[in-house]
Each structure stands twice: as C-alpha cells, then as structure tokens.
Amino acid sequence: MLHNADEYDPAYVARYDLERVAGALTGAYADLITVMRESLTEQHWAVSGIRSPEQWLTCFAGVSRAAATDIVRIASRANELPHAIAAFERTEITFHQLAVIARHVPAGFDEDVTRLAPHCDVGQLRRAVAKYPFPTDDTDDNLDDDGDDEVPEPDPSTR
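Here is the structure:
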C-alpha cells in the first residue's frame, strides 16, 4: 500500500494494489507449476486413491478441475514452450495467457505467440491462437470459467 494515500487519486491507489496482488498471484501460480513439473517427473502425485495429476491438484491444492488441467498441461509442456515459460516467470504474461498458449500453440510457434500475448487480454489471445492446427484434448472445453463461450440450447426432449 502506498504511504499517504490521501495524496493520490483513489483509482491510482486501487490500480497499484491490484497490480501488487496480481503479481503475488502470478508467483503462486509459478510455484504450483514448479511443484507440478517435479511431481510429474518423479510421479509424486501417484498415491493411493489418486487417479491423475489433475485429481491430485484438486484434492490437495484446492483448485478447480479447470485450473488443475491448465497447471498440468503447462507443467507437462514447459520444455516445449521455453519462451512462454520465461515470459511468465518475468511476469510479462499471466497464468491464464500461459494456459492458452500451452493449450493451443505448437512448440515451434511459442516465441511468436509469446511476443503477442502481452498485448492481448485472455479472450483476444484465445481467439488469435485457437485456429492453430495443433492437436489438443478439447474434452475440457466446458471447464472454462470466463463465460466467453456460447451457451448451448437445452434439449427439448428432456423436458
């Protein structure tokens, strides 16, 4: 928090606080990714009753299934996406931007997309890269939390 906040515009102070907290959140996500990378390599997640790395994260980190899927995908592709990982570690891109890159961008294009990412919000970045011819597992499409997607019409036969 700034000292003598009365000297500053309250909107400026709020923006400063927001950026400080967002930086801390980015650091926490970076720590989760680091732990997940090691846990994937060493299979620390493979304990009794746990079926997947995603379940391990949901059980023991308390994150949503969508967040766990993103964390595992990022951790498992980290070596393929060195530019994106480095930009994330320098806080040039957010966790959610990194998740979009990890989901949609082939390894050979991570440098180009990483240069674009800081100039886009998450939705813009997703629209820009979603058409890459890159095989992804889209079974978790319904787990996105941002509401950008269309809502399906209800099936009339279920009434």
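Each residue of the sequence shown is one higher than the one before, starting from 16 at the first, in this note's numbering. Heads up, the beta-carbon is just placed ideally off N, CA and C, and yes, glycines get one too.
Quick one: grab the DSSP three-state call for Q112. Within the sequence shown, numbered from 1, the residue matching residue 112 stands at position 97. Q112: helix per DSSP, three-state reduction.
If you count every other CB in all the chains shown that lies within 10 Å of the CB of Q58, and 16 or more means buried, which is it? Along the sequence shown, read from residue 1 onward, the residue named residue 58 stands at position 43. With fewer than 16 Cβ atoms within 10 Å of its Cβ, Q58 is classed as exposed.
For V137 and I86, what's the separation of their Cα atoms in angstroms? Counting from 1 along the sequence shown, the entry for residue 137 is found at position 122. Counting from 1 along the sequence shown, the entry for residue 86 is found at position 71. For V137 and I86, the distance between alpha carbons rounds to 16 Å.
Excluding five sequence neighbours on each side, which residues of the same chain lie with their C-beta closer than 6 Å to the C-beta of E107? Locating residue 107 in the sequence shown gives position 92, where the first residue counts as 1. The residues are P133.
With three or more beta-carbon pairs closer than 8 Å as the criterion, would you say the region 90 to 109 touches the region 119 to 132? yes
Quick one: grab the DSSP three-state call for G42. Position 27 of the sequence shown, counting from 1, holds the residue named residue 42. If DSSP states are grouped into helix, strand and coil, G42 belongs with the helices.
Return helix, strand or coil for Q139, following the three-state DSSP convention. Along the sequence shown, read from residue 1 onward, the residue named residue 139 stands at position 124. In this structure, Q139 counts as helix in the three-state DSSP scheme.
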